[in-house]
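See structure below.
Protein chains in written order, with our numbering: chain A, 1 to 117; chain B, 1 to 112.
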């Protein structure tokens with residue numbers, strides 16, 4: 001079954017404690033992206049990757065890091081989480097390196113609800 | 001600037017009634033338009049998409065949307081709503097920007 005898998009689904013952590021949210025896709029997609037969803041703001045892109053070792057900032061990259069060492073995995077790293085990073089996070093992937101939001105479908109993971117206290 | 005506006009934050013309809021969710025976009029190039037649905041505790045599922053051609057597109061679960069270039073709109077419709085349609089709906093636009101730009105969402109409640 002084609003899917004994007006995020007882990008963990010729920011996470012409560014304390015300010016400053018480094019954490020990683022994993023994302024894996026089994027569709028051999030080139031393009032992967034992270035979004036955060038906040039009430040009244042919709043989904044905003046954090047980082048994206050057009051292929052292995054190619055990553056770039058989205059609209060709200062501050063406080064986040066990513067890496068793309070393998071095609072299937074795209075972890076999101078919070079080196080020193082702060083309460084304003086409390087949010088619902090989604091990983092997404094799509095086939096073409098030409099970008100998400102073109103004539104290919106984007107597949108989303110089920111989300112990771114992060115609370116930073 | 002590229003943007004998507006969903007003017008209705010929350011809508012309540014009765015089961016069996018028709019539904020229209022509004023979406024307006026601002027995009028400098030030819031837009032690729034999408035509607036996604038998010039059920040509670042779930043990820044986003046693609047309902048339908050428009051790239052070109054016929055401006056009335058059919059999607060899953062009985063939904064359809066009409067692209068109106070003159071109005072910069074891509075409204076989502078369903079002739080008869082079911083209780084299972086209660087969810088949050090997001091309109092999004094894409095194209096050459098390497099990302100989907102989402103609206104703020106419309107939360108749909110369905111009354112029995």
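Here a beta-carbon is modelled for each residue, glycine too, at the ideal position from N, C-alpha and C.
Notebook entry, point to check: residue 41 of chain A: buried (16+ other C-beta within 10 angstroms of its C-beta) or exposed?
Noted result: exposed
Item checked: Straight-line gap, residue 31 of chain B to residue 16 of chain A (C-alpha atoms, nearest Å) -> 40 Å
Check: Leaving out the 5 sequence neighbours to the left and right, which residues in its chain are closer than 6 Å to residue 77 of chain B when beta-carbon positions are compared?
Finding: 20 and 64
Checklist line | Which of helix, strand or coil DSSP assigns to residue 60 of chain B | finding: helix
Next item on the list: Report buried or exposed for residue 99 of chain B, applying the criterion of at least 16 other Cβ atoms within 10 angstroms of its Cβ.
Entry: buried
Check: Can we say the region 1-12 of chain B touches the region 50-65 of chain A, given the rule of at least three CB pairs closer than 8 Å?
Finding: no
Item checked: Residue span of the beta strand (DSSP E) that contains residue 44 of chain B, given as start and end -> 44-50
Next item on the list: Kindly list, in the order they appear in chain B, the residues whose Cβ is closer than 8 Å to that of residue 2 of chain A.
Entry: The contacting residues do not exist; residue 2 of chain A stays about 12 Å from chain B at best.
Check: What's the gap between the Cα of residue 74 of chain A and the Cα of residue 89 of chain A?
Finding: 13 Å
Item checked: Per DSSP, the bridge partner or partners of residue 19 of chain B -> B/78
Margin query: Under 8 Å: do the region 30-46 of chain B and the region 65-84 of chain A share three or more Cβ pairs, one atom per stretch?
Written below: no
Notebook entry, point to check: How would you list, in chain order, the residues of chain A whose beta-carbon sits under 9 Å from the beta-carbon of residue 46 of chain B?
Noted result: 105, 106, 107 and 108
Item checked: Alpha-carbon spacing of residue 56 of chain B relative to residue 16 of chain B, whole angstroms -> 22 Å
Next item on the list: Indicate the three-state DSSP secondary structure (helix, strand or coil) for residue 97 of chain A in the structure shown.
Entry: For residue 97 of chain A, the predicted structure reports a pLDDT of 45, less than 50, and the residue's modelled location is therefore unreliable. A value from the coordinates is still provided. In this structure, residue 97 of chain A counts as coil in the three-state DSSP scheme.
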